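There are 2 protein chains.
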Amino acid sequence: MVTIKDIAKVAGVSPSTVSRVVSNHPRISKETSQKVKRIMEEMGYHPNVMAKSLVSKTTQTLAIVLPRPAEELFQDFFFGELLRGILAQSTRAGYDMLLTAATSPHDESETVSRLVFGRRVDGIILLSSRVNDPLIDMLDKHKFPTVLIGRTEDHPNILSVDNNNEQAAYDATMHLIVQGHERIGFVSGPPTLTVAQDRMQGYQRALRETGLPFRSEWVVEGEFLQQSGYRAMSFLMGLPERPSGLVVIDDVVGFGVLRGLTELGYKVPDDLSLVSFNNIALSELAQPPISSIDIGTYQLGYTASQILIRLIQEENAHQTRMIIPHRLIVRESSIHTVAKRS
Amino acid sequence: MVTIKDIAKVAGVSPSTVSRVVSNHPRISKETSQKVKRIMEEMGYHPNVMAKSLVSKTTQTLAIVLPRPAEELFQDFFFGELLRGILAQSTRAGYDMLLTAATSPHDESETVSRLVFGRRVDGIILLSSRVNDPLIDMLDKHKFPTVLIGRTEDHPNILSVDNNNEQAAYDATMHLIVQGHERIGFVSGPPTLTVAQDRMQGYQRALRETGLPFRSEWVVEGEFLQQSGYRAMSFLMGLPERPSGLVVIDDVVGFGVLRGLTELGYKVPDDLSLVSFNNIALSELAQPPISSIDIGTYQLGYTASQILIRLIQEENAHQTRMIIPHRLIVRESSIHTVAKRS
DNA sequence: CTGAAAGCGCTTACAG
DNA sequence: CTGAAAGCGCTTACAG
């Protein structure tokens, strides 16, 4: 391992000077700087990251904390896209990313404590947004730089990046209404998640504003899993009065819905129209392709990383809540093709 | 920040003693240990990770290096599953994971150099396996603990975890042959990837052993993208003599194949049977569900992390190459259901 | 069983 | 523009 001292010795200068050259200190002569840089190159010098961060009290590292049952998240296919956004921005800003998946709740706070109090990372990106999350409580209390992808009511000071999920669900529902549907159902996710609550609100508002009926039996709650969508269908399609349009919380669930309908012998969109959320890459490959609300997954990650780094570097948040725009991608699942219509 | 000195002062012992208590040094009296531990608890002491690793010259951290065009990999839906395996094992062993995505080739070696020579991590997990990879050359030359998920001929000393892709492709092909197919095609990926080469070998061996014809026009190379599969179909189905069975390099490509066939008006498996690789979660949700070779993605990641950590801790590799078993999951895309047959 | 001292590799006022 | 010195928070022979 070649250190700053080794370079100093060879270059005939002091370690302080080498350090200044490395950090591009302004008051270093051109010659000295060039000579030292040449020697660093020749000797293959690389600064010891640990030593540097010990004195600078900064690690140039952020941690991504995955929700506890990581399985669920990894099933969410937009996770890769989210990660891609986070990585793109943090790499650009010169930050490394630490990935953490806790197994148990106790484990989770244990792990995060270690990272936070052990000064292992400069900031934390939370991907979960459970209500009354003790983790957020802790981070907030210690004023540790944190950004939440999602929404929290309880902690107005915590940075967050989210979609306007209420509006997104409103848009999805309105799209079905514009297509002429009057009986619209909602296949939701875990009701404790804010995202599910928000989308439920938007769905209901669209019905209310257009004077269409809201029927509690047309709302099915479940998980972010295809099985949920699958099961929802055997229930919904068994009702005496069935919806003709469906808003679905997630594309993967949408896949399950599609499979359920196919097995029951129904055709999409002829018997039932479908709009879901997240616009994962495979949505357009479904049979038929699924209409989906694109939530700007990449931008969600990119922005989260960006505002967290800004907070770390400037110590004051310009804006604690960022909203990423969404847009509806219309595909065959919610619109009759001209050919089929005629 | 409460340090070891603060604890020492309050406990009335030396910093050395506190340090020994933290690391459970055997020759420390029960009383001292208990008192110090109590005070640490009270004062909320957390060891500074950076200081520790500066002196111990170990970081308890591994880096995952994503292949250059991260987009491609993230499209591969089994990436999440792989990561899950890696994280499960490394968390268990007390290692943190650093995630790195380089943008350019120059960037990549720059980033990895920084991590390796800056003593930022103790080991590296490579997810790419390009031929003649300068990164592997570099890591091998410096004997830096590295594990490759995939295969390399050039570096027999580098740890690697892989499937027997030749055999897997052989099995997939034989499955189609057993179903009675005599004209079998292969939709492959980028021919420079070892995985594509290996699977091609297995495909050919199955044909050879059963005396079936190999036709170069029945082999289409492409990317790990659904578009590749889609395009392959317009070509293959336009041939005067078409295959009746198809081995497809990846499930996502398989989705594209399915879409292409549907648009062209063909039915799977009646007009064409299909087997692909990786068994991503959505394979069973395709219409029809896709038969796929499960490559044990989770185990691939888990094992990679495991043997790397063993190498780091024991300094000698028991076995440089590990093979994860695969198995064929038969679904509707390659087998006529009884109902349909009758 | 415990402490004083040196050191890991770097940075940064302070002095010149 | 440059150097000597102190220090970041920890560990670990060495001595007792």
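The listed protein sequences derive, respectively, from chains Y and V. Reminder that position 237 of the first sequence reads as 237 in full-length UniProt numbering, one-by-one numbering, no gaps. Reminder that position 163 of the second sequence reads as 163 in full-length UniProt numbering, one-by-one numbering, no gaps. All C-beta atoms in this analysis are idealised placements derived from N, C-alpha and C, irrespective of residue type, glycine included. Note that the structure is a prediction, hence the values are computed from the model and not measured.
{"Asked": "Taking just the CA atoms, how far does V:L148 sit from Y:L261?", "Found": "43 Å"}
{"Asked": "Excluding the 5 residues flanking Y:Q201 on each side, which residues of the same chain have their C-beta closer than 6 Å to its C-beta?", "Found": "E166"}
{"Asked": "For Y:L127, which of Y:S305, Y:Q319, Y:G256 has the nearest alpha-carbon?", "Found": "Y:S305"}
{"Asked": "List the endpoints of the continuous alpha helix (DSSP H) containing V:L87.", "Found": "79 to 92"}
{"Asked": "Determine, using beta carbons only, whether residue 391 of chain Y comes closer than 7 Å to chain V.", "Found": "Nothing about residue 391 of chain Y can be reported from this structure: the residues present for chain Y run from 1 to 342 only."}
{"Asked": "Looking at the C-beta of Y:R120, does it have a partner C-beta in chain V at a distance below 7 Å?", "Found": "yes"}
{"Asked": "If the cut is a Cβ gap below 9 Å, which residues of chain Y does V:L87 touch?", "Found": "L66, A70, L99, T100, A101"}
{"Asked": "Please report the straight-line C-alpha distance between V:S53 and Y:H142, rounded to a whole angstrom.", "Found": "25 Å"}
{"Asked": "Which residues of the region 274 to 301 of chain Y have a Cβ closer than 7 Å to any Cβ of chain V? Give them in chain order.", "Found": "A281, L282, L285, Q287"}
{"Asked": "DSSP three-state label for Y:M40, please.", "Found": "helix"}
{"Asked": "Which residues in chain V have a C-beta closer than 8 Å to the C-beta of Y:T59? List them in chain order.", "Found": "M50"}
{"Asked": "Give the single residue among Y:L176, Y:A51, Y:I125, Y:V112 whose Cα lies nearest to the Cα of Y:L87.", "Found": "Y:I125"}
{"Asked": "What residues are listed by DSSP as bridge partners for V:S276?", "Found": "V:V248, V:S292"}
{"Asked": "Quick check on the DSSP output: the alpha helix (DSSP H) that includes Y:V10 runs from which residue to which?", "Found": "4 to 11"}
{"Asked": "Decide if Y:L239 is buried, meaning its Cβ has at least 16 other Cβ atoms within 10 Å, or exposed.", "Found": "exposed"}
{"Asked": "Could you tell me whether the Cβ of Y:D96 comes closer than 7 Å to any Cβ of chain V?", "Found": "yes"}
{"Asked": "Going along the region 207 to 220 of chain Y in order, which residues come within less than 9 Å of chain V, judged by CB to CB distance?", "Found": "none"}
{"Asked": "With a threshold of 16 other CB atoms inside 10 Å of the CB of V:S29, please say whether the residue is buried or exposed.", "Found": "exposed"}
{"Asked": "Give a yes or no on whether 7 Å exceeds the smallest Cβ distance from V:Q167 to chain Y.", "Found": "no"}
{"Asked": "Please work out which residues of its chain come closer than 8 Å, Cβ to Cβ, to V:R331, disregarding the five sequence neighbours upstream and downstream, and give them in chain order.", "Found": "S283, E284, P288, P289, I290, S291, S292"}
{"Asked": "Between Y:L300 and Y:G85, how many whole angstroms is the CB-CB distance? I'm expecting something under 8 Å.", "Found": "6 Å"}
{"Asked": "For V:L54, which residues in chain Y fall below 8 Å Cβ to Cβ?", "Found": "N48, M50, A51, L54"}
{"Asked": "Quick one: measure Cβ to Cβ for V:S216 and V:G222, integer angstroms, because I've assumed they're closer than 8 Å.", "Found": "Contact doesn't hold; Cβ gap of about 15 Å is too wide."}
{"Asked": "Where does V:H106 land, buried or exposed, given buried means 16+ other C-beta within 10 angstroms?", "Found": "exposed"}
{"Asked": "Which whole-angstrom value is the C-beta distance of Y:L98 and V:L98, which I expect to be below 8 Å?", "Found": "6 Å"}
{"Asked": "Can you tell me which of Y:F117, Y:V65, Y:I184 puts its alpha carbon nearest to the alpha carbon of V:V2?", "Found": "Y:F117"}
{"Asked": "Closer than 6 Å by C-beta to Y:T297: which residues in its own chain qualify, once you throw out the five before and the five after it? Chain order, please.", "Found": "F78, E81, L82"}
{"Asked": "How is the beta strand (DSSP E) around V:G123 delimited, first residue to last?", "Found": "123 to 126"}
{"Asked": "Are three or more beta carbon pairs between the region 171 to 181 of chain V and the region 203 to 214 of chain V nearer than 8 Å?", "Found": "yes"}
{"Asked": "From the DSSP output, in three-state form, read off Y:R327 for me.", "Found": "strand"}
{"Asked": "Note the first and the last residue of the continuous alpha helix (DSSP H) segment covering Y:G265.", "Found": "From DSSP, Y:G265 is part of no alpha helix (DSSP H); its letter is neither H nor E."}
{"Asked": "Whole-angstrom Cβ separation of V:L246 and V:L272, contact assumed at under 8 Å?", "Found": "6 Å"}
{"Asked": "Do V:V21 and V:V36 have their beta-carbon atoms positioned less than 7 Å apart in this structure?", "Found": "yes"}
{"Asked": "Going by DSSP in three states, V:M322 sits in which element: helix, strand or coil?", "Found": "strand"}
{"Asked": "Compare the Cα-Cα distances from Y:Q34 to each of Y:T111, Y:T17, Y:M50, Y:N48 and report the closest residue.", "Found": "Y:T17"}
{"Asked": "Closest to V:F235 by CA distance: which of V:P134, V:L264, V:E182 is it?", "Found": "V:L264"}
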